[in-house]
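Before any comments, here is the structure.
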Amino acid sequence: MRPLVVVVVAAVLGVAALLFFLLDSGADRTGGRGHATPEAGGDGLREGWRPDRWVQSEAARAVLLLSVAAPDADAYRTLCDKLCASADANETVAFYRALPILPFPEAHVARCAEGVRTNMSSVFCAVAHDNPYPSERLDEIAWNTMVLKALFIGVPLAPIVGLDERANPALMRMLCDYAHERWAASRTVSPELWRCVGPFADEAAKADLQKVLATGTDEEREAARRALEASS
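Following this line, the structure appears as structure tokens:
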């Protein structure tokens, strides 16, 4: 940890928080990069949450986050904000993956919304994939931004918890507009995009789906067929 950060943490948050920061900075050295054990699977604790896919250092950091005592949501949010401000990419990933089990869940909504705007795929996937927190806490605008961003940076939609449940008309229109932009630039459109279009497809969206049925690859046509079925 940089000396300035040590001074700030000690002065603002106290000695206990300073110890937490020092321990967290050493998690890679003590926790290692091996994968967490299968017994760490979190489906029984939180649906869709998959800590068994973490590396050991991420699990170690989650334990540290849960071990810090804070009197209220504001104090805990301040601690997390200080942590994230000095975090490297691995530490940021660990924080976002732990969101579903952190104390004071309402305190982390803004941090989660910030995470889905990143262009770093590892950080984005820590928020968006195998993580029930966004579907439970993000408002519609932030949720739609996350789904569109997944397509923009080229990561799959399937691991997004709540993808079907939180589909909505505004997202449908955003995705169709995005598909048109891709077509205009002679670029491909992920077949997964149509999954969130089908349930709310208007006449214009159905025309887009018919176009995919007529001109797409086998995978694209299958996705369009399923979306049209969902629209009926």
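In this text, residue positions in the sequence shown follow my numbering: the first is 1215, and each later residue adds one. Glycine included, C-beta positions come from ideal geometry on N, C-alpha and C.
With residue i as the anchor, note down where its alpha helix (DSSP H) starts and where it stops.
i, result
"I1355", "1354 to 1367"
"E1379", "Element bounds for E1379: n/a, residue is neither H nor E."
"D1432", "1432 to 1445"
"L1371", "That residue, L1371, is in no alpha helix (DSSP H); it is neither H nor E in DSSP."
"F1414", "First-last for F1414: undefined, no H or E at that position."
"P1348", "1347 to 1351"
Can you tell me the Cβ-Cβ gap for residue i and residue j, rounded? I've got them flagged as a contact below 8 Å.
i, j, result
"R1311", "A1340", "5 Å"
"I1315", "A1342", "About 17 Å; that fails the 8 Å criterion."
"T1306", "C1298", "6 Å"
"A1444", "V1426", "Not confirmed; about 14 Å, so no contact."
"A1276", "A1308", "6 Å"
"Y1347", "L1313", "4 Å"
"V1361", "L1352", "The Cβ separation is near 10 Å, so there is no contact."
Going by C-alpha distance, which of the options is nearest residue i?
i, options, result
"W1263", "G1376, P1413, R1325", "G1376"
"R1260", "N1345, G1329, D1353, G1368", "N1345"
"L1279", "Y1290, T1359, E1433", "Y1290"
"P1319", "L1297, D1295, A1287, G1329", "A1287"
"A1330", "S1300, R1275, N1304, K1363", "Correcting the residue identity first, residue 1330 is Val in this sequence and not Ala. The candidate whose alpha carbon is nearest that of V1330 is K1363."
"I1355", "V1337, L1371, S1404, A1324", "A1324"
"V1411", "R1401, Y1392, A1428, I1367", "Y1392"
"P1383", "W1397, F1414, R1396, L1389", "F1414"
"G1368", "P1348, L1407, S1349, A1276", "L1407"
"A1303", "M1334, A1398, P1405", "M1334"
"E1417", "R1401, F1366, D1432, S1446", "S1446"
"H1322", "F1338, D1295, S1300, A1308", "D1295"
"D1432", "K1420, F1338, S1404", "S1404"
"A1441", "H1394, C1390, T1402", "C1390"
"S1336", "E1272, Q1424, A1283", "E1272"
"V1282", "P1317, P1370, D1353, V1269", "P1317"
"S1400", "G1430, L1423, A1421", "G1430"
"D1378", "F1366, N1358, E1436", "N1358"
Put residue i into one of helix, strand or coil per three-state DSSP.
i, result
"S1400", "coil"
"T1244", "In this prediction, T1244 has a pLDDT of 42, which is less than 50 and means its spatial position is unreliable; nothing more can be read from the coordinates."
"E1395", "helix"
For the ligand SAM, any of its heavy atoms closer than 7 Å to the Cβ of residue i?
i, result
"R1325", "Only the bare structure without any ligand can be found here, which leaves the ligand SAM out of the picture."
Any alpha helix (DSSP H) of 4 or more consecutive residues that is wholly inside the region 1246 to 1329:
As far as the region 1246 to 1329 is concerned, its whole alpha helix (DSSP H) runs of at least 4 residues are 1270 to 1281, 1287 to 1299, 1303 to 1311, 1323 to 1329.
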